[in-house]
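Novice:
In my numbering, the protein residues as written are 25 to 182.
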């Protein structure tokens, strides 16, 4: 499920960026950052959505939009364009780690090793596993991992 979760989280980030940032033209009630990240290890898995806004009222609307997009991912197949774009992006990021310097590659290797992939079999099969991710797999993963349980944290300046 690991690679499919990465694809799912990146599709969610793309959709949220479109809905919360690109289609919102009101500077006082929009967001200026939207990130979705997937943290996975031996002991936990977490998909986190973070955004920054200046508007307290938009914060609540943004949460509703996020939950609506999550429900959409659970009910409908993603588009061919979305899955193709995200898979190409993830493939490029993976390959880039091998020729753009050692730090990113080292972090990826360490991450794999400390999470049980000491021989880097899973790490080296990333591209093969990425090709296996389908629209139906994304729908199944969304339904498996997006449950009614979630946490909300609000960080605001003094």
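The beta-carbon is built from N, C-alpha and C at its ideal position, and this holds for glycine as well.
Over what stretch of residues does the alpha helix (DSSP H) that includes residue 145 continue unbroken?
Specialist: The sequence position of residue 145 within the chain shown is 121, counting from 1. That run of the alpha helix (DSSP H) goes 145-148.
Novice: The beta strand (DSSP E) that contains residue 77, what's its start and end?
Specialist: To locate residue 77, count along the chain shown from 1; it is residue 53. Counting along the chain, the beta strand (DSSP E) containing residue 77 begins and ends at 69-77.
Novice: Run through the segment 128-178 for me and flag every whole alpha helix (DSSP H) of 4 or more residues, listed as ranges in chain order.
Specialist: If we require 4 residues or more, the alpha helix (DSSP H) runs fully inside the segment 128-178 come out as 145-148, 150-155, 159-169.
Novice: For residue 93 and residue 40, I'd like the C-alpha separation in whole angstroms.
Specialist: Residue mapping note: residue 93 aligns to position 69 of the chain shown, counting from 1. Residue mapping note: residue 40 aligns to position 16 of the chain shown, counting from 1. Going from the Cα of residue 93 to the Cα of residue 40 covers about 8 Å.
Novice: Assuming residue 109 and residue 121 make a contact with CB atoms under 8 Å, what is their CB distance in whole Å?
Specialist: The sequence position of residue 109 within the chain shown is 85, counting from 1. The sequence position of residue 121 within the chain shown is 97, counting from 1. That belief does not hold up - the Cβ atoms of residue 109 and residue 121 are roughly 19 Å apart, past 8 Å.
Novice: If you run the structure through DSSP and keep just helix, strand and coil, what is residue 46?
Specialist: Mapped onto the chain shown, residue 46 falls at position 22. It is helical.
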